[in-house]
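Step one of this worksheet: look at the structure below.
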Amino acid sequence: MSGPARPTYEVVPPVDPEIPVRVSDESFIPLRDLEDTRLEARLRQKLNENAEWKGLIANDKMAVGLVDLRDMNNPRFAAINSNTMMYAASLPKIAILLSAMDAIEKNELAETPEIRQDLRLMISKSDNYASTRMIDRLGYAKIEQVLTDPQYALYDPNFGGGLWVGKRYAAAGERHPDPIKGLSHAATVSQVCRFYYMMIFGKLVSYERSRQMLNIMGRPELHHKFVNTLDAIAPQAMLFRKSGSWQNYHSDSILVWDKDRKYILVGLTEASDGETILRNLVLSVEDVLN
Numbered sequence: 002m003s004g005p006a007r008p009t010y011e012v013v014p015p016v017d018p019e020i021p022v023r024v025s026d027e028s029f030i031p032l033r034d035l036e037d038t039r040l041e042a043r044l045r046q047k048l049n050e051n052a053e054w055k056g057l058i059a060n061d062k063m064a065v066g067l068v069d070l071r072d073m074n075n076p077r078f079a080a081i082n083s084n085t086m087m088y089a090a091s092l093p094k095i096a097i098l099l100s101a102m103d104a105i106e107k108n109e110l111a112e113t114p115e116i117r118q119d120l121r122l123m124i125s126k127s128d129n130y131a132s133t134r135m136i137d138r139l140g141y142a143k144i145e146q147v148l149t150d151p152q153y154a155l156y157d158p159n160f161g162g163g164l165w166v167g168k169r170y171a172a173a174g175e176r177h178p179d180p181i182k183g184l185s186h187a188a189t190v191s192q193v194c195r196f197y198y199m200m201i202f203g204k205l206v207s208y209e210r211s212r213q214m215l216n217i218m219g220r221p222e223l224h225h226k227f228v229n230t231l232d233a234i235a236p237q238a239m240l241f242r243k244s245g246s247w248q249n250y251h252s253d254s255i256l257v258w259d260k261d262r263k264y265i266l267v268g269l270t271e272a273s274d275g276e277t278i279l280r281n282l283v284l285s286v287e288d289v290l291n
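Take a look at the structure:
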C-alpha cells in the first residue's frame, strides 16, 4: 500500500536532558507497585462530579489513568477502570512503534530513512498509510510477540488484555482480533500508562531506543483533545503523545513535561462527545494534582 506522496520530515530531538531517567533494573519499580489509593480516590471524586462522566465510568465506557511524576523518586499511579479494554482506534500505533524498535534492535528490520519517516508520520500525524506499511513490514506475529513478551507484558490476560494491533489501518486485510474481546485496535489505560512509564525510565527495548521513541512521539502535530487544552494552559510544556478516534470511540495519551507539570495522562471513551470530554479531562486532572 503506497498511498499519497509522503512529506519529508527533519526530526529534531525534543527530549529534555533529564529524560529518559537512567535507573538500574534492580532499582526500577514497576508501575503497578506505585498505585496510590489517595490519588485514586481524589481522581474518582473529581471525575464523578460530572454526571455524564460518572455514568460513562459506571458503564465501562470511560477509563482514565494518571501517573504523577513531579517527584521522580516517588511516582504515584491512579486509574479508573484501569483494566477495562476498549477499542482505541489509532492510539495502539504506539505498539507498532515499540515493535519496530524491538525489530530494529534485533536486526530483524533495517533502520532506513524511509522507516524512520514512516514511524514519525505514524505517530505525529497518525498517518494510516505509514501505519499500514509498518504493520506489513513487521507482521502481526511480531507485534503480538512484543506485546506479550514478559519484558513488557503490554497485553496480559491477567490484567484485562491491553495494547493490541490486529488489523491494518486500511479497508483491506485480514483481522487478527485480540483473544479476550475480539478487538482489532485495543488498549487499557493501565497498559498505556505502563508504556509511557517504562519509556521515560528507559525500559522499552533499551535506554537509547526509549530516547528515540520519545523523540518520535514529541512535538505532536495534531492539536486536538489533550493537546488543545495544554496548548492553552501550558504552551511551553514538552508533550509526547498519541491519540485515536473512530466513530464514538475517542482516546488520548500524553506525557506532559515541564517545570511545574510532570505527568502521564491516558483517557479512553466511548461517547459521541468524546473529543470534548478529553479536552476537559485535562483541566480536571490539573485540579486533582494541585
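Remember, the numbering used here sits 1 above the position in the sequence shown when you count from 1. Ideal Cβ positions, reconstructed from N, Cα and C, are used throughout, including at glycine.
Counting only the same chain and skipping the five closest in sequence on each side, list residues whose C-beta sits under 6 Å from that of residue i.
i: PRO8; result: Low confidence applies here, because PRO8 scores a pLDDT of 41, under 50, leaving its location unreliable and the question unanswered by this model.
i: LYS126; result: GLU222
i: ILE201; result: ILE20 and PRO21
Which residues does DSSP list as the beta-bridge partners of residue i?
i: HIS186; result: VAL166
i: VAL65; result: ILE81 and GLY268
i: HIS1; result: Residue 1 is absent from the structure shown; the chain starts at 2 and stops at 291.
i: TYR304; result: With the chain covering 2 to 291 only, the question about residue 304 has no answer from this structure.
i: GLY219; result: PHE241
i: TRP258; result: MET239 and LYS263
i: TYR197; result: In the DSSP output, where bridge partners are listed per residue, TYR197 has none listed.
i: MET87; result: ALA188
In this structure, how does DSSP classify residue i when only helix, strand and coil are distinguished?
i: ALA142; result: helix
i: VAL206; result: coil
i: GLU276; result: helix
i: GLU1; result: Any property of residue 1 remains undetermined from this structure, which presents the chain solely from 2 to 291.
i: MET123; result: helix
i: GLU11; result: Low per-residue confidence applies at GLU11: pLDDT is 39, beneath 50, and the placement is therefore not dependable enough to give any value.
i: LEU282; result: helix
i: MET73; result: coil
i: PHE29; result: coil
i: ALA173; result: coil
i: VAL1; result: Outside the displayed range of the chain (2 to 291) lies residue 1, so it cannot be described from this structure.
By Cβ distance, which residues of its chain are closer than 7 Å to residue i, with the 5 residues on each side in sequence left out?
i: ILE1; result: The structure shown does not extend to residue 1, since the chain is modelled only from 2 through 291, so no value can be given for it.
i: TYR141; result: GLY167 and HIS177
i: ASP17; result: MET239 and TRP258
i: GLY56; result: none
Within the continuous alpha helix (DSSP H) that includes residue i, where are the two ends?
i: GLN237; result: Counting along the chain, GLN237 falls outside any alpha helix (DSSP H), and DSSP gives it neither H nor E.
i: ARG45; result: 38-49
i: GLU106; result: 94-106
i: GLU109; result: No alpha helix (DSSP H) contains GLU109, which DSSP labels as neither H nor E.
i: GLU53; result: 52-59
Given a cut-off of 8 Å on the beta-carbon distance, is the pair residue i and residue j in contact?
i: PRO21; j: SER211; result: yes
i: VAL283; j: LEU266; result: yes
i: TYR250; j: LEU184; result: no
i: LEU40; j: TYR264; result: no
i: VAL228; j: LEU215; result: no
i: TYR198; j: VAL68; result: yes
i: ILE181; j: MET63; result: no
i: LEU99; j: VAL147; result: yes
i: ALA101; j: LEU44; result: no
So, for residue i: in the same chain, excluding its five sequence neighbours on each side, which residues have a beta-carbon less than 8 Å away from its beta-carbon?
i: ILE136; result: ILE97, ILE144, VAL166, ARG169 and TYR170
i: GLU276; result: HIS225, LYS226, SER246 and HIS251
i: ILE95; result: ILE124, LEU164, VAL193, PHE196, MET218, LYS243 and SER254
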